[in-house]
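A.B. asks: In the working numbering, the protein residues as written are 487 to 1549. Ideal Cβ placement from N, Cα and C applies to all residues, glycine included.
1. Just verifying my parser: in three-state terms, what is the DSSP assignment at residue 1412?
2. Quick one, are the C-beta atoms of residue 1413 and residue 1436 less than 8 Å apart?
3. Where does residue 895 sit, in a helix, a strand or coil, going by DSSP?
4. Using the DSSP secondary-structure output, state which residues sit across from residue 554 in a beta bridge.
5. Among 1430, 1069 and 666, whose alpha-carbon lies nearest the alpha-carbon of residue 1452?
6. Determine, using beta carbons only, whether residue 922 and residue 794 come nearer to each other than 8 Å.
7. Out of 1097, 1425 and 1035, which one is the CA nearest neighbour of residue 1465?
8. On the criterion of 16 or more Cβ atoms from any shown chain inside 10 Å, does residue 1548 qualify as buried, or is it exposed?
9. Since residue 1092 and residue 1027 are thought to touch, with beta carbons under 8 Å apart, how far apart are those beta carbons, to the nearest angstrom?
10. In this structure, what does DSSP give as the bridge partners for residue 925?
11. Reducing DSSP to helix, strand and coil, say where residue 1162 ends up.
12. Please list the segments of the beta strand (DSSP E) lying wholly inside the stretch 612-700, counting only runs of 3 or more residues, in order along the chain.
13. What is the rounded straight-line gap between the Cα of residue 1408 and the Cα of residue 1391?
14. When you compare the CB positions of residue 719 and residue 645, do they come within less than 8 Å of one another, or not?
15. Grouping DSSP H, G and I as helix and E and B as strand, with all else coil, what is residue 1337?
16. Go to residue 878, then tell me how far its alpha helix (DSSP H) extends in each direction, as first and last residue.
17. According to DSSP, simplified to helix, strand and coil, what is residue 1466?
18. Looking at the unbroken beta strand (DSSP E) that takes in residue 714, where does it start and where does it end?
19. Just how far apart, CA to CA, sit residue 733 and residue 925?
20. Do residue 1123 and residue 1149 have their beta-carbon atoms positioned less than 8 Å apart in this structure?
21. So residue 1116 is in the alpha helix (DSSP H); what residue range does that whole segment cover?
22. Tell me which same chain residues have a C-beta within less than 6 Å of the C-beta of residue 1565, skipping the five on either side of it?
23. Assign residue 941 to one of three DSSP states: helix, strand, or coil.
24. Could you check the C-alpha separation between residue 568 and residue 741 for me, to the nearest Å?
25. For residue 1069, which of 1322, 1399 and 817 has the nearest alpha-carbon?
26. For residue 711, count the other beta carbons within 10 Å of its own beta carbon; 16 or more makes it buried, fewer makes it exposed. Which is it?
27. Just how far apart, CA to CA, sit residue 825 and residue 836?
28. Based on DSSP bridge pairs, tell me the residues matched to residue 890.
29. Quick one: using the 10 Å Cβ neighbour count with 16 as the cut-off for buried, is residue 822 buried or exposed?
30. When burial is assigned at 16 or more other CB atoms within 10 Å of the CB, is residue 433 buried or exposed?
31. Taking just the CA atoms, how far does residue 1192 sit from residue 1337?
32. Measuring CA to CA, which of 1523, 1041 and 1545 is closest to residue 1533?
33. Determine the contact status of residue 1256 and residue 1278, defining contact as a CB-CB distance below 8 Å.
34. Can you look up residue 803 in the DSSP assignment and give me helix, strand or coil?
35. Could you tell me the alpha carbon to alpha carbon distance between residue 990 and residue 768, rounded to whole angstroms?
36. Use the C-beta contact count for residue 665: other C-beta atoms within 10 angstroms, 16 or more gives buried, fewer gives exposed.
Right under this line is the structure:
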């Protein structure tokens, strides 16, 4: 046996031992471990298995990463404690962020060392690769941290990273790992050269194909008998490239292009509307944009500027909201009615019609209709489109009839909705409007094909000297040379260092004492007065833009002190005034440095104060909930953050942005995980998951897998105690199981709910009875279903949804009851009664809001279309399906769009049976594809009906055997799922695939018996007519009996044909 074979055999025994101990079979695990030790004496993994605790935890083979700061003890003696804390804190934050990115888990800390686990609590097929990649990222980030530490504190830091894979004991209760593998990982880390990643011999064969490795001499380590074989990771095999940075001064080409483009805009023949300046922060993009502003203003043209925000990348139309507030003079304290008045005044001043424009711009400002305007009629996707179109028209109106300039700053922070608006502006091709864009990259760049791109490059030495001379004409030559050498052509660095020269009072002969870091230059300016730091730190915590009132609430300092500091900060060019009480940091980097000044505990307090002020201090009670949530997040007040994200989700839903609403609920769920365990946390999780499942169901249909995950999780959280949360969750799960034709589990849900009907949840009883009735209909128990649904409908309160807070199925209960009662009446031969019930359902859904109203309407239409298909009125069915499809597109209901497509194909196929037989093959292919898609998605409730359509098309095309096989499969599906509502019709159709009259008669008689047993009058009549055509007068009595089940005034189309046969 080779060494490799020996290792493989040992590993196999160890893996079997791990599986045994994890399933509680300690005896087998012990036996296997002893077998390992018999052939590999001293095997540490086997010894750990024998020593594993007998209760709790798990044993697993995991990939472990250990990272440790180099000489951290020495570092702590060289700098002040607070500086040491800042460095170590940033190091820990960097590691945590990287570990989260690769979905690892920090299991324990040892001094400045961090032990990271990959494979628990979430396992992946590539955990080893994730760990190594994370290690490389950590070394890179710490290297950058070292540069910052050298610039700020005059010290360097480095990190060692080791990666190993082996057996560990997971103490899930204490969230820790134990065992030789954990210790060895730390030892492997200790032999890594500073700033590198090394891996053990156990890891090397698993990653050699994806990383470049260099073998290193084996080294002895403490606690391990043999020298440890290890390998240094040089990097990934595919190394990403970096785009060059770029500034502004001396931009001859860029300025020439701006001048030419502006000239064309003045002439009204500008072909390429946009120009984008791309580059990293501080490179000079904004200064190029300012050059365009200067050109426009010098010619008396209108200029509009919209700004992106790093904190508002998911908030719909935030840059537009900011523009509207600036133009209208609206601030955070302006109440709803005044906001509305100011907006209306601005709209009128632009010559726009307030009646049509106001309802579509008011929601952007968070102004509710209750403030005094008629809300727009559109909802969902249509509302979203109307708002975007109106915003575009508003921007065009703001720019006037002459040449205009639109500046879009920091587009990389724009939300998707604003990017769409900007794209529309670029595509309008007005010929007179120039759009100037600044962004760090092209990720969100709009206007493909209509934007000229400039990658802004670093300044060369001559241009850097020119910038220095402009900023500090009296600076000595040696100072200029030092600034040029240290700034590498980045204009922002040059600007900020030069600005700090006076504060530093550097001598002419500085001998290298010019600021060696941008941070020190900025810090010296921030300490202009005794209150500067608390004020500027609070301002930075608010964001790049901030208002004076919110700053006062955050600092809790006297107004005079805050005003003095703001004046000093303006003089120091740290902030600039953008309105009477509004300020903005001149550069984001300035804000970031100011933000770092506060210790974490103080920073959390500031975020909490800001969030509280935003929540309680707005006059209209409509704060920007996304912003509020972010501040609560940073304050680590996760319960409050959860509430704010819920509010943001509600606002988005009211705007018809279901995707955005779901995103906010995802954020809320993530915050719930950080609330202290207990009943309150559980209730919050259930509350949010139910709402997220509800929205997922609205978009994807009640068979949504995401909704099912949320509902199942709710059930895990609430347990089986008959609480209101339990009953609510079970009701939501019913819709999921029923759609998938899992009638057994749906019935189990209903039975569990029925057991808890009492007291405050008694309203569930009616809907519970309705659920049983609907299951009866699907099972073909039509009489029982109709009687139960009639009883339920009579007992149901038709008020405006008093149970809405507890109902998390997008089908509204009463509308659904009417729909299913219509289906029951139809099958039993009451065509007029079915039409009446559909009318009741329509009236009901008209009273409901979004999304429940439109969703319930689509649900009812799907059944109504089926009714007219059965009646042979394909024109009426097609009209209903078209309305359903239109609403699906309007409201973003993906599932209903697919259902509408399937029903439309059904109608088209049935029309082809009579009018265009030559197209049957095409219809067969399309219909089969759709049916199989539903089958694959396990949405099976109506699948037997659609299978019957495919079978009819196959029969008409002469493919009788395939038709019979399709019908047999449908009948088998009915048997498997207990969905028997269409069995009689399936048997009737199957009879027509038989070659012999005797077999056909037998099949029809089986179908007739089943239809009679089920009370399915329309199917019984259809079957009896087929028997009459086959047998003649010997089947007359059966046909007469079937026709007699209909009332004399029945308008069911097949009744007249049956009566004609009997005449």
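C.D. replies: According to the data block:
1. helix
2. yes
3. strand
4. 646
5. 1430
6. no
7. 1425
8. exposed
9. 4 Å
10. 764
11. coil
12. 645-657, 662-664 and 683-686
13. 10 Å
14. no
15. coil
16. 866-885
17. coil
18. 714-722
19. Any reading at residue 733 is ruled out, since the residue's pLDDT is 47, under 50, leaving its predicted position unreliable.
20. no
21. 1111-1120
22. Residue 1565 is absent from the model: the chain starts at 487 and stops at 1549.
23. strand
24. 46 Å
25. 817
26. exposed
27. 17 Å
28. 788 and 919
29. buried
30. Any property of residue 433 remains undetermined from this structure, which presents the chain solely from 487 to 1549.
31. 18 Å
32. 1545
33. yes
34. coil
35. Note that residue 990 scores a pLDDT of 38, beneath 50, so its modelled location is shaky; the value from the coordinates is reported in the next line. Whole-angstrom Cα-Cα distance: 22 Å.
36. buried
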